[in-house]
Amino acid sequence: MSRLIDEITARGVRMGLPITVHMDVTYRCNERCDHCYLDHDDHGEMTTAEIKRVLDQLAAAGTFFLVLSGGEVFMRQDFFEILEYARRLQFDVNVKTNAVMIREAEARRLRSLGVRRFQVSIYSDDPAVHDGITRLPGSLQRSLRAMRFLKEQGMYVTLANVLMRQNMHDYAGTQRLAREMGIDFALDPTITPMMDGSTAPLTLRIPTERLQEVYRDASLGPIGSEACGSDDEDVQGNASCSAGHASCYISPYGDVYPCVQFPMPCGNLRHQTFQEIWGDSPQLAELRTIRVRDLPSCSSCGNVGSCSRCPGLAYMEGNMRGPSTADCEKSYARTGHASVNLLAKMNNAATTASPKLVQIQL
Amino acid sequence: MSERYIARSSAIAARLLEGEMVIMSALDSTLFTLNATATAIWQAADGRTPLREIVHNAIHAQFSEVPGSALQDAETFVEALAQHGILLLSDQPITDATALGASQ
Ligand code: SF4
Ligand code: SF4
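First to last, the sequence lines map onto chains G and X. Residues in the first sequence are numbered consecutively from -5, following this note's numbering. Residues in the second sequence are numbered consecutively from 125, following this note's numbering.
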């Protein structure tokens, strides 16, 4: 994160403002990625008018960075209308997409709307691997073509590479591809359970040895939730991350959560205003009382200084104040030091059932 | 000296936080925070009001005296923002609707 963005986020924490809001406008998608945690059926998405009302409320609440994502955002016929409205409200807009529906004309229109950033999911530079994961033949070629259109229009494009067993040997080639295209590369080995609580996607997590190689690769920037970190005392010292403090997540059904990776329901925008939820939700109030130094296991863990502990993943394991085993594994890969939690999990692996998962309920 | 006019670009993101305007250029991703006086100038940049008048009003609102160097300082600031495409600067009133973003 740049120093100024850090500073603005820290100011958001101090002032209690939702500086960054991530809104999924749909869970529908034209791809069917192996690791995806979403239910792609439409269970009653917010209408165009409802989304515009929410955007008005976010602008009034002080939101500056707006991340629009899905599912696939372009599955919504009204997506350009939403974008146009968001830009009129002067949000800094970042669109996460698989980009297969973006052609030259769409790229030009996106540019004229002043959308600044795009994050496009690419799994491999090998079409067989990428298309095998998305289960959409020709998707790699279409996504790459769209990224070139976006780049030609002068927009800032990041290639987002989620790492799983199927593509764990491809990331160097994918990184090279990003470099050749002159765009940023972001790697994330985080695989989460499905929204219905199914842990099936977790079998796709890459093995520890491979994770170690990834974390030792000096050519990579921040990995996964490391990118959520901040050097600022207000963000780092008092809160695990900005989730619920200066940022939150809104689902296509109007549900508000601290983060897309932190499925603790805090309210619904069909029944309350954003300001009511942000200001009065007991769940957010509870989350805001947590201090890193008070975390029962993590505060005394030898890895705490370098750990990118995600409170959302900890919540999914059943306790937002507890350790996140996925992050214990990442810390182990990074430092070679196994946390007490990880040792306990390894010792009990054979006898303990999977942790109970708390997931987004539709 | 001929008048100069300024207009807010629409290719920006902007929000007023704690009385200071935070602005991001969609063109080159530069991020600015404006102090109270600069924010007042920014908010008044409607393409029609001469820069001299905007500067006078913005500074007069905060200080009883408007220093002689104020216009020059404001022009330097405006030119820096114009370089990043955040403000448009012209010798003529600016009426192009695409140039004018909302004031916050
Ligand atoms: S909850 Fe996890 S993914 Fe979300 S901002 Fe915090 S660390 Fe990052
Ligand atoms: S390694 Fe595990 S126990 Fe240690 S700080 Fe990270 S999440 Fe907490």
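Every residue, glycine too, gets a C-beta built ideally from N, C-alpha and C. Here the structure is a predicted model, which is why all the values come from computation and not from measurement.
Query                                                                                                                   : Result
Per-residue DSSP class, three states only, for G/D125                                                                   : helix
Cα-Cα separation, G/A212 to G/S293                                                                                      : 27 Å
According to DSSP, residues forming a beta bridge with X/I147                                                           : X/A138 and X/F156
Straight-line Cα distance separating G/A140 from G/S333                                                                 : 43 Å
Near-chain X residues of the stretch 146 to 162 of chain G (beta-carbon distance less than 8 Å), N- to C-terminal order : G148 and Y150
CA nearest to the CA of X/L195, picked from X/S214, X/A182, X/A138 and X/D152                                           : X/A182
Where the alpha helix (DSSP H) through G/Q51 begins and ends                                                            : T42 to A55
Where the stretch 81 to 98 of chain G meets chain X: residues whose CB sits under 9 Å from a CB there                   : R81, R82, L83, Q84, F85, D86 and V87
Buried or exposed (CB count within 10 angstroms, at least 16 for buried), G/E146                                        : exposed
G/C242, DSSP secondary structure in three states                                                                        : strand
G/K262 - partner residues in DSSP beta bridges                                                                          : The sequence given here has Asn at residue 262 of chain G, not Lys. Answer by DSSP bridge pairing, in chain order: G/D249.
Beta-carbon proximity list for X/A164, same chain, < 7 Å, skipping 5 on both sides                                      : A182 and A185
8 Å Cβ cutoff, G/T3 in contact with chain X                                                                             : no
Residues bridged to G/L153 [DSSP beta-bridge criterion]                                                                 : G/V114 and G/F179
CB-CB length for G/R97 against G/M149, believed under 8 Å                                                               : About 14 Å separates the two Cβ atoms, so there is no contact after all.
Inter-residue CB distance, G/S106 and G/A154 (contact presumed, cutoff 8 Å)                                             : Rounded, the Cβ-Cβ distance is 24 Å, inconsistent with contact.
Contact belief for G/R315 with G/I284 at Cβ below 8 Å, rounded distance in angstroms                                    : 6 Å
Proximal chain X residues relative to G/I177, where beta-carbon distance stays under 7 Å                                : Simply none; closest approach about 13 Å.
Residue interval of the alpha helix (DSSP H) (run including X/I183)                                                     : L175 to H184
Buried/exposed call for G/M9, threshold 16 Cβ in 10 Å                                                                   : exposed
Alpha-carbon to alpha-carbon, G/V15 and G/L278                                                                          : 15 Å
X/I130: first and last residue of the uninterrupted beta strand (DSSP E) it sits in                                     : Y129 to R132
Nearest to G/V67 (by Cα), restricted to the options G/A54, G/R22 and G/A99                                              : G/R22
For X/M148 and G/L32, the rounded distance between their alpha carbons                                                  : 32 Å
By C-beta, the residues closer than 6 Å to any heavy atom of ligand 2, given in chain order                             : G/S291, G/C292, G/C295, G/N297, G/V298, G/C301, G/R303, G/P317, G/S318, G/D321, G/C322, G/S325, G/S333 and G/N335
Member of G/R159, G/G312, G/R264 and G/S236 whose CA lies at the smallest distance from the CA of G/S245                : G/R264
DSSP beta-bridge partners of G/S63                                                                                      : G/D18
G/F58 versus G/D86 - alpha carbon distance                                                                              : 6 Å
Nearest-angstrom Cα separation, counted from G/L281 out to X/I76                                                        : Examination of residue 76 of chain X is not possible in this model, given that chain X is present from 125 through 228 alone.
is_contact[X/G143, chain G] using C-beta, thresh 8 Å                                                                    : no
Closest residue to G/I217 among G/C30, G/A338 and G/R303 (Cα-Cα distance)                                               : G/R303
Near ligand 1: G/G312 beta-carbon under 7 Å from a heavy atom                                                           : no
Top-ranked residue by Cα proximity to G/S63, from G/S118, G/P257, G/V7 and G/I76                                        : G/I76
Heavy atom of ligand 1 within 7 Å of G/P131 beta-carbon                                                                 : no
beta-carbon G/P187 near ligand 1 non-hydrogen atom, thresh 7 Å                                                          : no
Buried versus exposed, by CB contacts within 10 Å (16 or more), X/G192                                                  : exposed
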